[in-house]
Amino acid sequence: MGYNYSMHGKSKQQQAIVKQREKQEEIIKENRERLRKKEFDMYLISQSKGYICAYCAPDELEMSKIDYKTRYTAEVTLKCPKCNHSQVIEISNFDI
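Read in order, the letters of the sequence shown correspond to residues 813 to 908 in our numbering.
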């Protein structure tokens, strides 16, 4: 095992804080990776089923919110392949 410079000259409490921070960073990294995979899966699903994002839906469908909500299926953050919006996108199963 190599020498850990981040631990040099620190008290036990400081070492515990450093270890905890490293553990939290690892968890955050894993969560980001999991989220990225989920977003990519949603992108593939949206491509295979012909879904479109709310930004690409025609104005009539956007205006009729009652009809719109009944057909609503998922809400994820990803880039729409048509318009490149990367906000929270409502992927809806409209047949257009």
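Just so you know, even glycine gets a beta-carbon here, dropped at the ideal spot from N, CA and C.
These figures come from a predicted structure and were not determined experimentally.
Please report how far the alpha carbon of residue 827 lies from the alpha carbon of residue 843, in whole angstroms. Their backbone Cα atoms lie some 24 Å apart in a straight line.
Measure the alpha-carbon distance for residue 832 versus residue 845 and round it to whole angstroms. Taking C-alpha positions only, residue 832 is separated from residue 845 by approximately 20 Å.
Give me, in chain order, the residues of the same chain whose beta-carbon lies closer than 6 Å to that of residue 838; leave out the 5 immediate sequence neighbours on both sides. Beyond the five residues adjoining it in sequence on each side, residue 838 comes within less than 6 Å, by CB distance, of no other residue in the same chain.
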